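Here the structure is laid out as structure tokens; the discussion comes afterwards.
In the working numbering, the protein residues as written are 47 to 190.
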């Protein structure tokens, strides 16, 4: 006789919610390559933005985010917004995503790993002086 354990519905709900509201640099890059209509929002300071950012992202620093919501498509258009900050040690993206959700946006995700892991995975980086790529960090992605 085989005894099967029923799935843990709380665990399923937890992990499904995380995947609904979180994404990562690799998935964002793959979605953009596939033509997904994502609007990336960088909530870091001007100095951080100038140092490096995801090409095509919008720069809306966290202290200005709510007052600059008019620069985004309206919530009724249901844009897919992906918010990022520095990296795992920064909760600016969480605060930004929360502000957007409170403003009525329903399709908001936080890019876990933030700009740090975007750059460490060797993805394209925009700077104040142009576009570049950093070498792939072997602790974050396979080295080509």
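Ideal Cβ positions, reconstructed from N, Cα and C, are used throughout, including at glycine. No experiment lies behind these values; they were computed from the predicted model shown.
| Query | Result |
| --- | --- |
| Within 10 angstroms of the Cβ of residue 88, are there 16 or more other Cβ atoms? Answer buried if so, exposed if not. | buried |
| Given residue 183, which residues of its chain have a CB within under 6 Å of its CB, disregarding the five upstream and five downstream residues? | 166 |
| For the region 64 to 122, list the beta strand (DSSP E) runs that are entirely contained and at least 3 residues long, ordered along the chain. | 84 to 88 |
| Are the beta-carbon atoms of residue 84 and residue 129 separated by less than 8 Å? | no |
| By the three-class DSSP mapping on this structure, what secondary structure does residue 177 have? | strand |
| Helix, strand or coil for residue 163, going by three-state DSSP, please let me know. | helix |
| Compare the C-alpha of residue 102 against each of 179, 172, 187, 180 and name the closest. | 172 |
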